[in-house]
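Novice: My questions all concern the structure below.
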């Protein structure tokens, strides 16, 4: 039997899609100051949509960085209160030339909407706003009390949100957090994510001579910053693929054989995975499967590096500078500050002669996170997903990082349930990001079912 | 006693400087197709100046690349004939933000003219044009027969000039080549360069997955192209700084103990050199002094590398691609094709798992070059330099590469005498390139003395 809310969500689906297109057209890139005005526009757009949905008293709260959008409806006395989290900022769009259609001109192809941020996280975060609209329109209220909290810095480390969570307890009284960010791990079946990896980042600059030198006149007598950088990066792993930073694995939790066995039963197809990525082989830490490498083992990755002449043709210089941006993904019980310190020590110890090194630690680390087994938010998630999908949900971990879950735990002792309808293969941080449109429909129904079930069960 | 030619050169010195400024304003960057129109403008400018100097019948000769400028005066029957060589193209100006004054707005400061190409090679190549003007104006002819040959591709490998030298024997009958390109090795005393290193280049691209991947979702399970690139670059040298490519040193000529001892007597100040470059230490191949590393030993240098996200802030991707531009400096008797093949083989043999590699060999290699001891052109150079400088000239080698000398030898059996008045510290391939103005004056007098002496001695 279709509820009035479900019917409303189906009836207005095309309008919701048009609104999502409008939302994605705003290039709210948070990591590059050049886009700051658009981040502001996106925040205003979100507040408008919340206020259009119902009596949420939504407002844009300015911070020292990008703004936070907050709205609330607390009209269901005795019912649980949840914080709905999402983010309206997006990754940078480059490399631009690899997009089939422009990043900020969303386009539907083959049942998918393509555009930067459509899956991470504009599509998923629009879902609860539209579900609120449906409940207000059909029942005049929500089944539970909801505080909406949307940030504009998820892609740049959630610095302001972290401070907001620390300082604004007055706005954050709740039973738990229901996150519209996150992702189902694959398209074939629904899944519930119970853990995410943490993050620690740093940037290093290697400097040789005080200027770029002619590689003929000086070549052979002076250190080349690009060579020194290459040696430093190579030193981060041993020849087999283990991280070679002293103490890096010291605090890594040993995962039980039972849990590791459960991953095997997920039927993860390594061959198909390899083929989908187009790599000649899957590589990683020896002794672990691909899923284990993604979920229960930490990493060090260079996200970008550069030095010397990168333009067309050639330029015979000895680069005076070369840099790399590095992030580590952490698992319980690694600490971001401790890992930054260990990596920095390693870099200084392995610096080749003839160059100097400067290291800048990113301020926005994140602890790894794991929600307690049996949490009510997980049980309700399973109920809601069973109403939308035939298959029972899988319990999985996530390789990525959602720092906000760690901030909520630390400052407010709130756990976070990830309830996102993006899928892990939707190229969030790459060209041609997309969202499957049927996930949008499923998400709308599932969020409505979640709130309804929580109002009954909670 | 001042000759009329000397007096003319002194009297018109300010105009010559103004012309050089005009010349440097033309951004004739040969390696980047975006500047092609300016390279054409520079060629036309050179031909105009030759024709203004005297009856040289100068013309711009189009090629499949950038044009060649040729002019001649063969009116001195019985006297030697020389080819005067130089190049009117320049290196790219970036990084632009490190220039004190803009690269193509030449500016005089402290007796130096700053601007891209002012020392390499626009200032030095303008000298013989102005010396010809002085001889024609004061004596109606030149003391020797001269063919002027200026190219626009020296910074991109002299491909068209190589072909021109091979095919246009009709324009290249001569006793030897007198090159306005090259450099004196330091400012304290005059020097004559008797050898230059060769060049072999290649570009490599490492590819991992078929797109940039989210470093959380995929990190740990898939090869990172930036890591693989770093390992490849690191593999090019051993831990002590020797090139680790198999067979790289096989054909390197063993330089005599006598010649190595003569370098020691040059009084090269390694401490001052290190300080001027601002490096914490000089590094290079073990067992050799800095001068030996620069003059008689080959190198491999990364000129530029890049991969992943390089913009402001961070972007947590696993780069799908990373590249490096590499050049080797060669000494006798290494062969550029052989070295390219050995480096390429090395790269394929050292490729880490999980990625693919593509290598593109630069087409414009150059053999190392050495002029025979006792060559008449060297003797005349010493005579000319002794008229301008108190100190006797030093005989030195050069770390850089002038491929044209190798082409002249191969196709026309012509040796090349380097007679340039730029100095090795003038930052040709770096920001803030400059030319010392007193070198311009000395060069004008020395070129006039050279032609006069060759007309008498030759």
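Protein chains in written order, with our numbering: chain C, 6 to 463; chain F, 6 to 463. For each residue, glycine too, the CB sits at the ideal point set by N, CA and C.
May I ask you to report which of helix, strand or coil DSSP gives residue 181/F?
Specialist: Correct three-state label for residue 181/F: strand.
Novice: Nearest-angstrom Cα distance between residue 61/C and residue 52/C?
Specialist: In a straight line, the C-alpha of residue 61/C is about 9 Å away from that of residue 52/C.
Novice: Helix, strand or coil for residue 328/F, going by three-state DSSP, please let me know.
Specialist: Note: residue 328/F maps to strand in three-state DSSP.
Novice: Is residue 450/C buried or exposed, if buried means 16 or more other CB atoms sit within 10 Å of its CB?
Specialist: Buried, since its Cβ has 16 or more Cβ neighbours within 10 Å.
Novice: Just to confirm before moving on: does the CB-CB distance between residue 187/F and residue 423/F stay below 8 Å?
Specialist: It is a contact, given that the beta carbons lie within the stated cut-off.
Novice: Look up residue 7/C in the DSSP assignment and say whether it is helix, strand or coil.
Specialist: If DSSP states are grouped into helix, strand and coil, residue 7/C belongs with coil.
Novice: Given 8 Å as the limit, is there contact between the region 214-232 of chain F and the region 439-458 of chain F, that is, 3 or more CB pairs closer than that?
Specialist: No contact exists between the region 214-232 of chain F and the region 439-458 of chain F.
Novice: With a cut-off of 8 Å on the beta carbons, I'd call residue 385/C and residue 458/C a contact; round off their distance for me.
Specialist: With a Cβ gap of about 5 Å, residue 385/C and residue 458/C count as contacting.
Novice: Whose CA, out of 50/C, 342/C, 235/C and 37/C, lies closest to the CA of residue 362/C?
Specialist: It is 235/C whose Cα lies nearest to the Cα of residue 362/C.
Novice: Run down chain C in chain order and give the residues with a C-beta less than 7 Å from the C-beta of residue 406/F.
Specialist: Neighbours of residue 406/F on chain C, chain order: 221.
Novice: At a CB-CB cut-off below 8 Å, which residues of chain C make contact with residue 302/F?
Specialist: In chain order: 225.
Novice: Using a Cβ-Cβ cut-off of 8 Å, state whether residue 192/F counts as contacting chain C.
Specialist: By this cut-off, residue 192/F is not an interface position.
Novice: With residue 380/C and residue 251/C assumed to form a contact (beta carbons below 8 Å), what rounded beta-carbon distance in angstroms separates them?
Specialist: The pair is not a contact, with the Cβ atoms about 37 Å apart (cut-off 8 Å).
Novice: Where do the ends of the beta strand (DSSP E) carrying residue 78/F lie?
Specialist: Looking at the DSSP string, the run of the beta strand (DSSP E) that includes residue 78/F is 73-78.
Novice: Three or more beta-carbon pairs under 8 Å between the region 133-153 of chain C and the region 114-122 of chain C, yes or no?
Specialist: Flag = no, the region 133-153 of chain C and the region 114-122 of chain C do not touch.
Novice: The alpha helix (DSSP H) that contains residue 410/F, what's its start and end?
Specialist: Looking at the DSSP string, the run of the alpha helix (DSSP H) that includes residue 410/F is 408-417.
Novice: For a quick check, are the C-beta atoms of residue 440/F and residue 427/F less than 8 Å apart?
Specialist: Cβ atoms of residue 440/F and residue 427/F: closer than 8 Å.
Novice: What separation, rounded to the nearest whole angstrom, lies between the Cα atoms of residue 259/F and residue 204/F?
Specialist: Going by the C-alpha atoms only, they are around 19 Å apart.
Novice: Please list the partners that residue 434/C has in chain F, where partner means a Cβ-to-Cβ separation under 7 Å.
Specialist: Correct list: 217, 219, 320, 321 and 322.
Novice: How is residue 273/C classed by DSSP in three states: helix, strand or coil?
Specialist: Residue state, collapsed to three classes: coil.
Novice: Indicate the three-state DSSP secondary structure (helix, strand or coil) for residue 455/F in the structure shown.
Specialist: DSSP places residue 455/F in helix when its eight states are reduced to three.
Novice: Leaving out five residues on either side along the sequence, give the residues of the same chain with a beta carbon under 6 Å from the beta carbon of residue 213/F.
Specialist: Within the same chain, residue 213/F has close Cβ partners 228, 230, 325 and 360.
Novice: Determine which residues of the region 287-318 of chain F have a Cβ less than 7 Å from any Cβ of chain C, and write them out in chain order.
Specialist: Answer in chain order: 287, 288, 289, 290, 295, 298, 299, 302, 304, 306, 307, 308, 309, 310, 311, 312, 313, 314, 315, 316, 317 and 318.
Novice: Rounded to whole angstroms, what's the CA-CA distance from residue 64/F to residue 391/F? Just pull it up for me.
Specialist: Their Cα atoms are separated by approximately 35 Å.
Novice: Closer than 7 Å by C-beta to residue 347/F: which residues in its own chain qualify, once you throw out the five before and the five after it? Chain order, please.
Specialist: The answer, listed in chain order, is 250, 251, 252 and 253.
Novice: Taking C-alpha atoms, which residue in 319/C, 329/C and 290/C lies nearest to residue 308/C?
Specialist: Per the Cα distances, 329/C.
Novice: Going along the chain, which residues of its own chain have a beta-carbon closer than 8 Å to the beta-carbon of residue 355/F, five neighbours each way excluded?
Specialist: Correct list, in chain order: 236, 237 and 240.
Novice: Strictly by DSSP, which residues pair up with residue 140/C?
Specialist: Answer is none; residue 140/C lacks a bridge partner.
Novice: Where does residue 319/F fall in DSSP's three states?
Specialist: Three-state DSSP puts residue 319/F in coil, outside helix and strand.
Novice: Measure the C-alpha to C-alpha separation of residue 117/C and residue 126/C and round it to an integer number of angstroms.
Specialist: Going by the C-alpha atoms only, they are around 15 Å apart.
Novice: Along the region 263-277 of chain C, where does the CB come closer than 8 Å to a CB of chain F? Name the residues.
Specialist: So nothing in the stretch comes that close.
Novice: To the nearest angstrom, report how far apart residue 40/C and residue 98/C are at their CA atoms.
Specialist: About 11 Å.
Novice: What is the DSSP secondary structure of residue 237/F, reduced to helix, strand or coil?
Specialist: Residue state, collapsed to three classes: helix.
Novice: Tell me whether residue 30/F sits in a helix, a strand or coil according to DSSP, three-state version.
Specialist: Three-state DSSP puts residue 30/F in coil, outside helix and strand.
Novice: Tell me, please, whether the CB atom of residue 238/C is closer than 8 Å to any CB atom in chain F?
Specialist: For residue 238/C, the answer is yes, since a Cβ of chain F falls inside 8 Å of its Cβ.
Novice: Which residues in chain F sit within 8 Å of residue 358/C, going by Cβ to Cβ distance?
Specialist: Result: 285, 286 and 288.
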